[in-house]
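Trainee: Taking my numbering, the leading residue of the sequence shown gets 3, the next gets one more, and so forth.
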Amino acid sequence: MHRRALERQAQLQAEVDRLQALLRLREQQLFGRKSETAAATEPAAPVTTPAASPPHRPRGQQRGQPGPKRRDYSQLPAVVEDQELPPEQCRCSRCGQPFADFPGTEDAIILEVEVRAHRRIIRRRRYRPTCSCTAHPGIVAAPPPPRLFPKSLLGVSIWVTLLLDKYLFYRPTYRLLADWATSGLDLSLGTVTDGLKHLVPLFEPVYDALVRHSQGQTLWHADETRWLVFASIEGKVGYRWYLWVFHSAEVVVFVLAAGRSHDVPEEHFGPVEGRGILVVDRYKAYQAVDKVQSGLIVLAFCWAHVRRDFLRVAQSWPDQDAWALDWVEQIGRLYHLNDERLKVRHDAAAFAVADATLRAAVTAFGERGQSELRAADLHPARQKVLESLGDHWSGLTVFVAHPEVPMDNNTAERSERGPVVGRKNYYGSGSVWSGRLAAMLFSLFQTLCLGGLNPRLWLTAYLEACAAAGGRAVKDVERFLPWNLSPEQKRAWGCEEEIPASDTS
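1. Please work out which residues of its chain come closer than 6 Å, Cβ to Cβ, to arginine 128, disregarding the five sequence neighbours upstream and downstream, and give them in chain order.
2. My output table needs one value for glycine 397: the three-state DSSP class, helix, strand or coil.
3. Is DSSP giving histidine 249 helix, strand or coil here?
4. Please classify tyrosine 288 as buried or exposed, where buried requires at least 16 other C-beta atoms within 10 Å of its C-beta.
5. Where in the region 204-284 do unbroken runs of the alpha helix (DSSP H), each at least 4 residues long, occur, reported from the N-terminal end onward?
6. Buried or exposed: where does glycine 472 fall if 16 or more other Cβ atoms within 10 Å of its Cβ makes it buried?
7. Candidates Lys426, Ala467, Ala383, Phe256: which alpha carbon is nearest alanine 16's?
8. On the CB-based measure, 16 or more other CB atoms within 10 Å of its CB, does arginine 343 come out buried or exposed?
9. Using 10 angstroms around the beta-carbon of phenylalanine 232, count the other beta-carbons present and answer buried if the total reaches 16, otherwise exposed.
10. Ignore the nearest five residues each way along the sequence and tell me which others in phenylalanine 401's own chain have a CB closer than 6 Å to its CB.
11. Taking Cβ positions only, does alanine 350 come closer than 9 Å to chain C?
12. Does the ligand GDP have a heavy atom nearer than 8 Å to the CB of valine 346?
13. Below 8 Å, can you find three or more Cβ-Cβ pairs linking the region 416-427 to the region 240-257?
14. Applying the 10 Å Cβ sphere with the 16-neighbour rule, what's the burial state of proline 48?
15. Going by the beta-carbon positions, is the gap between alanine 290 and glutamate 275 smaller than 9 Å?
16. In this structure, how does DSSP classify tyrosine 129 when only helix, strand and coil are distinguished?
17. Just mark glutamate 389 as buried or exposed, buried being the case when its beta carbon has 16 or more other beta carbons within 10 Å.
18. Quick check on the DSSP output: the beta strand (DSSP E) that includes alanine 302 runs from which residue to which?
19. Going by DSSP, name the residue or residues bridged to arginine 93.
20. Pop quiz: leucine 459 and tryptophan 495 are said to be a contact at Cβ under 8 Å. What is the actual Cβ separation, rounded to whole angstroms?
21. Just checking, does the region 438-451 make contact with the region 181-195 on the three C-beta pairs under 8 Å criterion?
22. First and last residue of the alpha helix (DSSP H) that includes asparagine 340?
23. Take the Cβ of cysteine 304 as the centre, count every other Cβ of all protein chains shown within 10 Å, and call the residue buried at 16 or more, exposed below.
24. Can you tell which of Lys238, Asp225, Asp379 has the C-alpha that lies nearest to the C-alpha of histidine 270?
25. Straight-line CA distance for glutamate 331 to leucine 313?
26. Can you give me the C-alpha to C-alpha distance between isoleucine 160 and tryptophan 485, rounded to a whole angstrom?
27. Measuring CA to CA, which of Ala80, Cys97, Lys345 is closest to alanine 110?
28. How close, in whole Å, do the beta carbons of valine 253 and leucine 212 come, if the pair is a contact with beta carbons under 8 Å?
29. Are the Cβ atoms of alanine 469 and valine 158 separated by less than 9 Å?
30. Taking the C-alpha atoms as reference points, what is the distance between aspartate 379 and lysine 286?
31. Give the secondary structure of alanine 143 by DSSP, where H, G and I count as helix, E and B as strand, and everything else as coil.
32. Check lysine 431 in the structure and name its three-state DSSP category.
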């Protein structure tokens with residue numbers, strides 16, 4: 003009886019410890035630091051290893067380091083203003099004799115931005131035939147200006163600004179309209195919404211071309227996040243949809259789907275014929291994809307998620323703090339060794355040495371995990387993390403044999419950062435067509451930024467071509483894609499500075 007009471011007491015205490023750990027984790031998730039640049043909790047005692055990380059560098063300009071390069075704005079158009087002295091000051095203050103002109107000027111440069119709504123009035127000249135032929139009507143007029151939509155008053159620049167503001171800078175449409183209203187341009191939200199719906203067919207061929215190009219790659223990053231679509235769909239409960247991203251070296255593709263099953267990546271990778279590597283988190287849907295199960299696509303799991311596992315242990319179980327942070331430090335050492343290997347990838351001898359060092363460290367890391375798993379009375383938190391490490395070990399070590407594969411899936415997570423800000427600002431999409439347009443333009447703008455192109459210049463050129471085609475999508479979409487542009491077009495549509503499409507800082 004006494005033994006059973008002690009066992010029950012131990013079980014209750016273990017349950018209390020588990021719930022307290024869960025509570026600490028939830029408090030950290032709700033109120034703690036969201037950044038992974040610094041550990042949320044410090045180790046109880048400093049862990050010293052030969053590869054200990056250097057102390058954290060303070061923010062800002064560092065003593066002894068060169069300052070940031072001064073930016074050049076000479077490419078901007080110049081508006082010259084002549085500044086002269088008032089007549090009463092253009093003479094000697096003592097004797098009153100006038101000043102004489104002196105060659106040259108002392109110039110000052112001030113940067114300004116002017117946003118101005120205006121009306122373009124196109125005066126179409128009319129002509130009257132002077133012959134007696136019947137080949138022409140009585141009055142001949144110059145052709146009308148091209149429009150995206152018949153009889154629409156809104157020009158291409160309106161739609162370019164609208165699309166960039168919402169799908170690249172993630173600002174709600176009503177806020178842009180309120181901004182324009184302060185400049186005298188009062189547009190109705192209904193007019194804009196109707197125009198956005200008519201823009202969908204113009205971008206469908208571009209999006210399809212991006213998808214095809216993505217399917218021709220050999221290395222992808224994939225992730226998914228929730229997206230709200232406020233539309234009633236037969237057979238679907240609720241408004242939660244999912245926005246999937248497939249990021250490769252040349253193209254970024256977002257896919258909006260009603261579900262989160264393996265059908266979405268399976269459909270995206272369906273036409274893929276060759277072998278490839280897909281960098282993902284540990285979500286089971288990726289492991290159920292046909293081409294993954296057949297071995298055509300190899301999954302490379304994310305080390306950042308493994309690192310987060312150990313950090314959660316440190317945050318949830320104070321008595322496991324030192325153990326967990328020691329593992330975090332060892333993961334940092336693997337990152338460092340891989341970075342050192344990549345630095346010498348073009349030097350065969352140095353690469354062989356760095357590669358051998360990395361392989362030995364990875365092997366020791368895995369053996370340590372297996373050794374600790376065999377220990378008696380292993381703490382439940384340790385057991386859970388180490389079992390997950392062992393279950394995903396083959397995918398976690400793909401980067402060792404394939405140096406081109408990153409160790410983590412942060413690339414896909416950064417791609418989603420901007421759309422997540424948009425989700426917070428305008429709550430998702432009000433209809434299915436609106437959600438599809440969002441996925442298409444997220445894909446387009448991030449692909450343009452990835453290729454070093456200015457989305458405003460590219461979008462203006464493309465929509466003007468659509469307007470010239472009678473408000474329809476251009477027939478030869480391929481000539482607008484970043485990887486098909488000539489060097490002259492890339493220079494014409496290129497960016498002077500990198501546009502942080504996915505950075506929300």
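Backbone N, C-alpha and C fix where the C-beta goes; we use that ideal spot for every residue, glycine too.
Mentor: Once the coordinates are examined:
1. Ile141, Ala143
2. helix
3. strand
4. buried
5. 265-270
6. Glycine 472 comes out exposed.
7. Ala383
8. buried
9. exposed
10. Val407, Met409
11. Considering every chain present, this structure includes no chain C. It has just one protein chain.
12. This structure lacks the ligand GDP, and indeed carries no ligand of any kind.
13. yes
14. Because proline 48 carries a pLDDT of 41, less than 50, the predicted location of this residue cannot be relied on, and the following value inherits that uncertainty. When all chains shown are included, proline 48 counts as exposed.
15. no
16. strand
17. Counting C-beta atoms within 10 angstroms of its own C-beta, glutamate 389 has fewer than 16 neighbours from the protein chains shown and is therefore classed as exposed.
18. It spans 299-303 - the beta strand (DSSP E) in which alanine 302 sits, taken as one unbroken run.
19. Pro100
20. Leucine 459 to tryptophan 495, Cβ: 5 Å. Contact.
21. no
22. 323-345
23. buried
24. Asp225
25. 11 Å
26. 27 Å
27. Ala80
28. 5 Å
29. yes
30. 29 Å
31. strand
32. One point to set straight first is that residue 431 is serine, not lysine, in the sequence displayed. Of the three classes helix, strand and coil, the one that applies to serine 431 here is strand, per DSSP.
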